[in-house]
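Just so we're aligned, residue -10 is where the sequence shown starts under the numbering used here, counting upward by one.
Working notes, structure below.
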Amino acid sequence: MTDGVWAGASPRLEVAPPPARTWARGYAHRLLFTDVIVVLLAVGGSHLFWFGVALRRLERINGQPPNSANYWLMSVLIIVGWLALLALYETRGPRIVGIGALEYKRIFDATLTLFGVVAIIAVVFTVVGARGFIITAFPLGLFLLIFSRWGWRQWLVRKRLAGELMTATLVVGSRSSVEHLIEQLRRHPAAGYRPVGVVLPRSRPGGPVSGLPVLGSVDDVARITAEHDIGIVILTSSDHLPARTVREISWSLEPNRVELVMAPAITETAGPRIHTRPVAGLPLLHVEFPRFEGGKRAAKAVFDWLTAAVLTVLALPVFLVLALIVALDSRGPVFFRQQRVGLNGQSFRMFKFRSMVANAEDLRAGLEEHNESDGPLFKLRQDPRITRSGRWMRRFSLDELPQLINVLRGEMAIVGPRPPLVEEAARYEPDVRRRLLVKPGITGPWQIYGRSDLSWEEGVRLDLYYVENWSIAGDLILLMRTVGAVLRGHGAY
């Protein structure tokens, strides 16, 4: 014991305010304001509706109005509990807002927990009127909360695309892994990471890496974060970052509340396939096998067929109008049929509305020298073979509607990799051939992230990521995002 302090005790950690995330507090305040409005609307609307119903019913039965105090107390408790759970589940945390599905999942979990408790209390204590809140406030509030968060997310993404509301990020690791990570972060600015500098093991300040300055060595990380107002440090996979070094970096970042993020080498593997299990005190990452068969695939087939059937029925009037426009615009068949490669390399005949002149395939040879693609694809931004109606049909992907027939025939899926041409698939490298392990789709990651504007390498990367990590929930998200991508029309030619 020395001066009242036990000699073996850990030193007190002086914690400074969090740096570089000044945007997060203002954004969280905006979300809180919207959450309060939504909860008040959902609960208040239910209160007025069901109290009015109960008032009329009780007055009709025995001439006595219901006890308004009970309804008011229940409404207040639900409002307070709902807002408290949204805070407790950290639905406005800077790590989850703006990207990914975790923000929406936490909102759903918080809301479900609240009304689960309300349901239990209603049954156990026979609370009159609680059922009404479950019937109306639960679905209405959940929908409005998710919709409002989606609206704020669109605002945040626009700001980030303009270079605002980003978190300054330091990337630490070997040169190759750092370059790869910086490339990915720049490709997806909506995630909110703004790389400002690099730290290479055993390096001093020197030449830039991916256009960013090398600010020092691993020993300088704490100093660099303080001097450059860094909010996040990302450690990439590197043989020069042993466990002890990583632990020391973590400790050095604690006083200034700088967030530490580990980027594993398996960057193309999605979260649902990765599970952390502690073994002998080590946090080991277990990667599950991708699912190419079994019940999950059967469920996707049912989902695809039902979705295609419903969409085909709904789109029949559009089919008829487009068929008439194509027939009147230029000579030739209404539909364009082309051999494509699908599941496990099996070829099939894909249907589209004809958007080019009838002899387009014969004219392609004369245009090969103008090909703008960096891979085996043929791309021409101003393709002279495209008809007048074909140009605007392509812009909004209306020419692809007949592919619903291919889905009904079991040859394609609603969501999947882009269906390649036979000659294109013949030139695939072994790793690229993994695109053929699932059915090609009418839409997919390539449709969302730029279509024909994508480079060959980026298109392959997106398709392989989908093949390795697909899920029904992911298909639903891609399907919803397709609507916005089609309306914007970027990369469609």
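Built from N, CA and C at the ideal position, the CB exists for glycine as well.
Given residue i, which residues of its chain have a CB within under 6 Å of its CB, disregarding the five upstream and five downstream residues?
{"i": "Thr471", "result": "Thr432 and Gln436"}
{"i": "Leu249", "result": "Val222, Ser239 and Leu242"}
{"i": "Ala312", "result": "Val323"}
{"i": "Ala(-4)", "result": "In this predicted model, Ala(-4) has a pLDDT of only 37, less than 50, meaning its place in the structure is not dependable enough to derive any value."}
{"i": "Val427", "result": "Gly405 and Val456"}
{"i": "Pro190", "result": "Val207 and His229"}
{"i": "Pro429", "result": "Gly331, Met401, Gly405, Pro406 and Pro408"}
Which of the three DSSP states, helix, strand or coil, is assigned to residue i?
{"i": "Ile221", "result": "strand"}
{"i": "Ser378", "result": "helix"}
{"i": "Phe97", "result": "helix"}
{"i": "Phe136", "result": "helix"}
{"i": "Glu79", "result": "coil"}
{"i": "Pro373", "result": "coil"}
{"i": "Ala90", "result": "coil"}
{"i": "Tyr454", "result": "helix"}
{"i": "Thr326", "result": "Residue identity differs from the one stated: residue 326 is Arg in this sequence, not Thr. Arg326: strand per DSSP, three-state reduction."}
{"i": "Val421", "result": "helix"}
{"i": "Pro408", "result": "coil"}
{"i": "Lys341", "result": "strand"}
{"i": "Ser336", "result": "strand"}
{"i": "Thr471", "result": "helix"}
{"i": "Val4", "result": "Legend: pLDDT at Val4 = 37, less than 50; position of this residue unreliable, value from coordinates given subsequently. Three-state result, Val4: coil."}
{"i": "Glu216", "result": "helix"}
{"i": "Gly196", "result": "strand"}
{"i": "Gly331", "result": "coil"}
{"i": "Glu357", "result": "helix"}
{"i": "Arg320", "result": "coil"}
{"i": "Phe38", "result": "helix"}
{"i": "Ala151", "result": "coil"}
{"i": "Leu64", "result": "This sequence places Ser at residue 64; Leu is not what is there. Ser64 falls in the helix class under three-state DSSP."}
{"i": "Pro231", "result": "coil"}
{"i": "Ile85", "result": "coil"}
{"i": "Trp459", "result": "coil"}
{"i": "Val346", "result": "coil"}
{"i": "Ser241", "result": "helix"}
{"i": "Leu72", "result": "helix"}
Taking 7 Å as the limit between beta carbons, can you name the residues of its chain near residue i, skipping five residues before and five after?
{"i": "Ala215", "result": "Asn245"}
{"i": "Ser35", "result": "Gly121, Phe122, Thr125 and Ala126"}
{"i": "Leu170", "result": "Val160, Ile223, Thr225 and Ala252"}
{"i": "Ala474", "result": "Gln436 and Ile437"}
{"i": "Val28", "result": "Ile68, Trp71, Leu72 and Gly130"}
{"i": "Leu451", "result": "Pro434, Trp435 and Tyr438"}
{"i": "Ala211", "result": "Ser241 and Leu242"}
In terms of alpha-carbon separation, which member of the options lies closest to residue i?
{"i": "Arg81", "options": "Trp61, Leu37, Leu134 and Tyr182", "result": "Leu134"}
{"i": "Gln327", "options": "Ala347, Arg142, Pro178 and Pro197", "result": "Ala347"}
{"i": "Ala157", "options": "Ser163, Leu201 and Leu189", "result": "Leu201"}
{"i": "Gly162", "options": "Arg147, Val188, Arg14 and Leu174", "result": "Val188"}
{"i": "Ile213", "options": "Val185, Gly463, Arg233 and Thr234", "result": "Val185"}
{"i": "Ala316", "options": "Arg329, Val28, Asn333 and Phe342", "result": "Phe342"}
{"i": "Val449", "options": "Phe97, Glu413 and Glu79", "result": "Glu413"}
{"i": "Asp351", "options": "Arg329, Met339, Arg374 and Val330", "result": "Arg374"}
{"i": "Glu153", "options": "Pro128, Ala179 and Trp141", "result": "Ala179"}
{"i": "Val310", "options": "Ser166, Leu390, Asp209 and Arg286", "result": "Leu390"}
{"i": "Gly140", "options": "Ile110, Thr23 and Leu230", "result": "Thr23"}
{"i": "Glu418", "options": "Arg383, Glu446, Ala290 and Thr296", "result": "Glu446"}
{"i": "Val89", "options": "Thr100, Ile466 and Arg407", "result": "Per the sequence shown, residue 89 should be read as Gly rather than Val. Ranking the options by Cα distance to Gly89, first place goes to Ile466."}
{"i": "Val330", "options": "Phe38, Asn59 and Pro408", "result": "Pro408"}
{"i": "Leu332", "options": "Glu168, Gly87, Val411 and Ser165", "result": "Val411"}
{"i": "Glu400", "options": "Phe97, Phe340 and Leu369", "result": "Phe340"}
{"i": "Leu397", "options": "Thr376, Ala290 and Met382", "result": "Ala290"}
{"i": "Asn59", "options": "Ala119, Ile26 and Leu30", "result": "Ala119"}
{"i": "Arg486", "options": "Asn395, Trp381 and Thr296", "result": "Nothing about residue 486 can be reported from this structure: the residues present for the chain run from -10 to 482 only."}
Compute the beta-carbon to beta-carbon distance between residue i and residue j, rounded to the nearest angstrom, for a pair I have assumed lies under 8 Å.
{"i": "Ser64", "j": "Val32", "result": "5 Å"}
{"i": "Ala402", "j": "Asp293", "result": "5 Å"}
{"i": "Ser386", "j": "Asp318", "result": "Actually they do not touch by this definition, with Cβ atoms about 18 Å apart."}
Give a yes or no on whether 8 Å exceeds the smallest Cβ distance from residue i to chain C.
{"i": "Gly140", "result": "Reference to chain C is not applicable here, since this structure consists of a single protein chain."}
Keeping to the same chain, check which residues put their C-beta closer than 8 Å to that of residue i; ignore five residues upstream and five downstream.
{"i": "Gln143", "result": "none"}
{"i": "Val(-6)", "result": "Below a pLDDT of 50, predicted positions are generally treated as unreliable, and Val(-6), at 36, falls in that range; the measurement from the model is reported next regardless. The answer is none, since no qualifying residue turns up."}
{"i": "Ile182", "result": "Note on residue identity: the sequence assigns Tyr, not Ile, to residue 182. Only Met155, Thr156, Thr158, Leu174, Ile221 and Ile223 meet the Cβ criterion."}
{"i": "Ile85", "result": "Glu79, Leu91, Glu92 and Arg95"}
{"i": "Ala99", "result": "Trp71, Leu74, Leu75, Leu77, Tyr78 and Thr80"}
{"i": "Asp(-8)", "result": "Confidence at Asp(-8) is low in this model, with a pLDDT of 41, below 50, so its placement is unreliable and the value that follows should be read with caution. Same-chain partners within the cutoff: there are none."}
So what does residue i bridge to, in DSSP terms?
{"i": "Phe22", "result": "In DSSP, Phe22 forms no bridge with anything."}
{"i": "Thr156", "result": "Tyr182"}
{"i": "Glu172", "result": "DSSP, once it has assigned bridges, lists no residue as partnering Glu172."}
{"i": "Gly205", "result": "Val188"}
{"i": "Ala402", "result": "Gly430"}
{"i": "Leu249", "result": "Val222"}
{"i": "Val161", "result": "Val188 and Leu224"}
How about residue i: is its Cβ closer than 7 Å to a heavy atom in the ligand FAD?
{"i": "Tyr93", "result": "As far as ligands go, the structure on display features none, and thus does not contain the ligand FAD."}
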